[in-house]
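Residue numbers (this note's numbering): 64 to 247.
Yeah, the Cβ is synthetic: ideal placement off N, Cα and C, and Gly gets one too.
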């Protein structure tokens with residue numbers, strides 16, 4: 064296996080609260096069986112803080128807003144559950160920052176599987192997706208981004224990343240239907 068599909072922050076507290084997040088569920092749900100059939104490692108990454116806030120960075124207003132939103136972003140709550148079908152062979156990673164790699168064992172899992180290419184989807188484009196793409200590239204992975212598998216509350220921001228930023232960084236951008244999950 065050389066390719067992994069990383070899907071971030073498609074969890075109940077986000078899809079139930081943000082309409083833009085719900086729009087990626089159908090294309091990703093359709094893509095998952097094709098990816099698995101092609102032998103692609105599927106890694107779901109979800110976001111949560113410890114209930115006592117011990118991992119909350121001081122002075123970070125955005126993270127504090129998520130933490131104070133209630134149990135939907137507290138580790139172990141139903142709001143942090145993945146809102147897509149998870150199979151036994153998939154990997155589920157808990158993160159506490161924007162990037163799927165920051166403070167997680169995702170890189171270890173990918174390297175153990177011989178992965179050299181990551182395909183990234185999730186929400187929000189200007190946050191988790193961008194942070195994970197940059198982090199993956201810094202770690203030497205080839206990066207593909209699924210345009211309709213990502214979304215942002217600001218459509219102009221989403222389009223800017225997909226049309227300008229990601230291609231300028233050498234990241235391939237394709238729709239879910241165009242990506243066939245081939246090992247590279």
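Simplified DSSP assignment, three categories, for residue i
i: residue 108; result: strand
i: residue 74; result: strand
i: residue 205; result: strand
i: residue 247; result: Low confidence applies here, because residue 247 scores a pLDDT of 40, under 50, leaving its location unreliable; read the following figure in that light. Three-state result, residue 247: coil.
i: residue 65; result: coil
i: residue 210; result: strand
i: residue 144; result: coil
Distance, residue j Cα to residue i Cα
i: residue 228; j: residue 151; result: 35 Å
i: residue 97; j: residue 239; result: 10 Å
i: residue 232; j: residue 225; result: 11 Å
i: residue 166; j: residue 72; result: 16 Å
i: residue 88; j: residue 65; result: 25 Å
i: residue 119; j: residue 133; result: 14 Å
i: residue 172; j: residue 124; result: 31 Å
i: residue 234; j: residue 243; result: 17 Å
i: residue 185; j: residue 115; result: 27 Å
i: residue 237; j: residue 204; result: 17 Å
i: residue 198; j: residue 163; result: 8 Å
i: residue 246; j: residue 194; result: Unreliable positioning characterises residue 246 in this predicted model, as indicated by a pLDDT of 48, which lies under 50. A coordinate reading is not provided.
i: residue 101; j: residue 191; result: 25 Å
i: residue 158; j: residue 108; result: 7 Å
Boundaries (first-last residue) of the alpha helix (DSSP H) holding residue i
i: residue 172; result: 169–175
i: residue 88; result: 88–100
i: residue 131; result: 124–131
i: residue 159; result: From DSSP, residue 159 is part of no alpha helix (DSSP H); its letter is neither H nor E.
Residue i, enclosing beta strand (DSSP E) - first and last residue
i: residue 222; result: No beta strand (DSSP E) contains residue 222, which is instead part of the alpha helix (DSSP H) from 218–223.
i: residue 180; result: 180–186
i: residue 235; result: 235–237
Residue burial classification, residue i (beta-carbon count within 10 angstroms, cutoff 16)
i: residue 80; result: exposed
i: residue 174; result: exposed
i: residue 212; result: buried
(Q) Check whether the region 178–194 and the region 204–219 touch, using three or more Cβ-Cβ pairs below 8 Å as the test. (A) yes
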